[in-house]
Amino acid sequence: MNALNRDFKILTRLYEENNKEKVNSDYHRLNFHLMPPVGWLNDPNGLCEFNNEYHVFYQYSPFNAKGGIKFWGHYKSKDFINWESLDSKVYSDQPYDCHGAYSGSTLVHDGKMNIFYTGNVKNIGDYDYINSGREHNTVLIVSEDGKNFNNKKLLMKNSDYPSNLTCHVRDPKVFKENDKFYMVQGARDKEDVGQIIVFESDDLINWKYINTIKSEEKFGYMWECPDLIELNGKKVLIISPQGIEADGIKYNNIYQSGYYLLEGDFKTENYKLNNFDEIDRGFDFYAPQTFVDSKGRTILIGWMGLPDIDDYYTNPTVEYNWQHALTIPRQLEIKNDKLIQIPISELENLRKSEVKLSVENNIYHEGFDTFELIINQNEDKDLDLTIKDGLKIKYNKNDNLFTLSFNEIGFGRTDRSCNIDKLENLRIFVDTSSVEIFINNGEEVFTSRFYPTKEQKGIDIKGNNLDVIIYELGKFNIKGE
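In structure tokens, the structure reads:
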């Protein structure tokens, strides 16, 4: 541990402790989502299972709820319900990461955590920080215990990336295939075309550039947070592209997150990207990352937020010195060439009281602060649902249109929609200030923040021939906060 690392650790701990009372006085603190102890959270990082514990790192700026220098915050759990917030974090304590330990991933290999991330450096001067003035370094940390993250090594710097790229190369995701290691990084070239660059290694230290993956037509100026996974024998490339124009009800957020099915060989030019599809249709979802656990599940966690949204909508939690959270973990599958997201089964352990209802026309339930709502439609008909007096869900059978909308409790969030063939079921997770809607067993998902008052709890359902279950939900037990 160097002196800067030591000081960052002390300052972070003090700032968390000094702001604890104010942060926790906010009614909108979430019950079953991971949040920053104080300050700002964004991308999930380094997701892995190590020594029978799940580790969730995240981009963390403790000193400013609107962002700032980035560290990696750190939670761990054995069951996704009982968590520990850890002092062992990744700090920006070296010349090659002095302006931020940006996003990255963890590969568990030979009983060690191998953490890869982007070390951000912004040089002082008259630079645009796109084509000049920025260092985007790839850094490795090897940890034998999942607690100490001081063994850093600089792997790649600007001159190690293809010469046609700008200074925007970041977010390494590393995986093993057969006897080789591969790294994908997001990039922006000098023609402002988003793409993925692929590296290969035999030893996790020496990396060779081998390929570039991009769409046939330009699709945004920057691709962030890439993830290349395999589900049911199909390769899936997950990206978060920036610079996409809205297209009707598609691509309505400032930035998107979605996926391509990748055919062929990602290591060569002999590949094909199929159509891009959004992972989530809501207002607050970005930079998802996956990992495979010891049960063989591919689990995804996303950032329940977006960058650069201040001109569109806001989060009043800033007044309490915190902002943003992570989504609930979701197990991924591929069915009929479509990505399916299913809340992990461990979340059922949050269930408390249960209410079962049959709806023939309409019904009102007083609701709970936090709950899981399951609706099964026995006939494909219209559905209107209002939650906490201002979150509205509407399905119009004639248009096959599913819409999420808010009144003023959305704090600027208006409406988002998608088309579905028919509505069979909904599974909705409502926390104190978030909603995650899973349509037709996870074929489509909407994730959003919203901010009702403590008194707003009701559930108003208008539909025909519905079977409804409402579970009151408990909360995460988080040690160390």
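Read in order, the letters of the sequence shown are residues 1 to 481 in UniProt numbering. Idealized CB from N, CA, C, for every residue including glycine.
Exercise. Under a Cβ-count criterion, where at least 16 other Cβ atoms within 10 Å of its own Cβ denotes burial, should histidine 33 be classed as buried or exposed?
Worked result: buried
Exercise. Can you give the Cα-Cα distance for phenylalanine 175 and valine 435, rounded to whole angstroms?
Worked result: 32 Å
Problem set entry | Which of helix, strand or coil DSSP assigns to leucine 423 | coil
For this session: Could you have a look at glycine 410 and say whether DSSP puts it in helix, strand or coil?
Result: In the structure shown, glycine 410 sits in a helix (DSSP, three-state: H, G or I).
For this session: With a cut-off of 8 Å on the beta carbons, I'd call serine 92 and lysine 122 a contact; round off their distance for me.
Result: No, serine 92 and lysine 122 are not in contact; Cβ-Cβ is about 12 Å, not under 8 Å.
Problem set entry | residue 494, buried or exposed, once every other Cβ within 10 Å from all chains shown has been counted against 16 | Outside the modelled stretch of the chain, which goes from 1 to 481, sits residue 494, for which no answer is possible.
Exercise. What residues in its chain sit with their C-beta under 6 Å from that of tyrosine 161, if we drop five residues either side in the sequence?
Worked result: Val169
Problem set entry | Length-filtered (4 minimum) alpha helix (DSSP H) runs lying within the segment 106 to 139 | For the segment 106 to 139, there is no continuous alpha helix (DSSP H) assignment of 4+ residues that stays within its boundaries.
For this session: Grab the span of the beta strand (DSSP E) containing threonine 212 for me, first residue to last.
Result: 207 to 213 is the span of the beta strand (DSSP E), which, as asked, contains threonine 212.
Exercise. Roughly how many whole angstroms lie between the Cα atoms of phenylalanine 116 and glycine 67?
Worked result: 22 Å
Problem set entry | Start and end residues, beta strand (DSSP E) containing lysine 462 | Run containing lysine 462: 459 to 462, per the beta strand (DSSP E) assignment.
Exercise. Just to confirm, are tyrosine 286 and leucine 306 a CB contact at a threshold of 9 Å?
Worked result: yes
For this session: Have a look at Glu444, Leu4, Glu177 and flag the residue whose alpha-carbon is nearest the alpha-carbon of aspartate 203.
Result: Ranking Glu444, Leu4, Glu177 by Cα distance to aspartate 203 puts Glu177 first.
Exercise. The beta strand (DSSP E) spanning lysine 352 covers which residue range?
Worked result: 351 to 359
For this session: Would you mind working out which of Leu423, Gly412, Gln341 sits nearest glutamate 379, comparing C-alpha positions?
Result: Leu423
Problem set entry | Bridge partners - glutamate 263, DSSP secondary structure assignment | Lys272
Exercise. Can the beta-carbon of glutamate 333 be found closer than 9 Å to that of leucine 350?
Worked result: No; because the gap between Cβ atoms is not below 9 Å, this pair is not in contact.
Exercise. Which of helix, strand or coil does DSSP assign to serine 85?
Worked result: strand
Problem set entry | Range of the contiguous beta strand (DSSP E) that encloses lysine 479 | 477 to 479
For this session: With distances taken Cα to Cα, identify the nearest neighbour of asparagine 362 among Phe368, Asp369, Asp384.
Result: Asp384
Problem set entry | First and last residue of the uninterrupted beta strand (DSSP E) at tyrosine 58 | 53 to 61
For this session: Return the CA-CA distance between glutamate 453 and asparagine 232, expressed in angstroms with no decimal places.
Result: It should be pointed out that residue 453 corresponds to threonine in this sequence rather than to glutamate. If I take the Cα positions, the gap works out to 43 Å.
For this session: State buried or exposed for aspartate 179, treating a residue as buried only when at least 16 other CB atoms are found within 10 Å of its CB.
Result: A residue is called buried once 16 or more other Cβ atoms fall within 10 Å of its Cβ, and aspartate 179, having fewer, is exposed.
Exercise. Which residue or residues does DSSP assign as beta-bridge partners of isoleucine 299?
Worked result: Note: isoleucine 299 sits in a beta bridge opposite Phe291, Gln331.
Problem set entry | Which listed residue (Ser294, Phe411, Pro316, Thr447) has its alpha carbon closest to that of glutamine 341 | Thr447
Exercise. Counting Cβ pairs, one atom from each stretch, are 3 or more of them under 8 Å apart for the segment 312 to 330 and the segment 15 to 24?
Worked result: yes
Exercise. Residues in its own chain within less than 6 Å of threonine 106 by CB, not counting five upstream and five downstream?
Worked result: Gly46, Cys48, Met113, Ile115
Exercise. Leaving out the 5 sequence neighbours to the left and right, which residues in its chain are closer than 7 Å to tyrosine 395 when beta-carbon positions are compared?
Worked result: Asp382, Leu383, Phe402, Leu423
Exercise. What are the partner residues of glutamate 230, as DSSP defines its beta bridges?
Worked result: Lys235
Exercise. Should glycine 480 and serine 85 be called a contact, given that it needs their Cβ atoms to be closer than 9 Å?
Worked result: yes
Problem set entry | Beta bridge counterpart(s) of proline 241 as assigned by DSSP | Paired residues: Trp223.
Exercise. Is the beta carbon of lysine 388 sitting closer than 9 Å to the one on phenylalanine 450?
Worked result: With respect to the 9 Å criterion, lysine 388 and phenylalanine 450 are classified as neighbours on the basis of their beta carbons.
Exercise. Between glycine 194 and methionine 156, is the Cβ-Cβ spacing less than 9 Å?
Worked result: no
Exercise. Under 9 Å between the Cβ atoms of asparagine 131 and cysteine 98?
Worked result: Their beta carbons are not under 9 Å apart, which means asparagine 131 does not touch cysteine 98 by this criterion.
For this session: Could you tell me the distance, in whole angstroms, from the CA atom of tyrosine 251 to the CA atom of glutamate 278?
Result: 8 Å
Problem set entry | Proximity of asparagine 464 and valine 355 at Cβ, strictly below 9 Å | Not a contact, by the Cβ cut-off of 9 Å.
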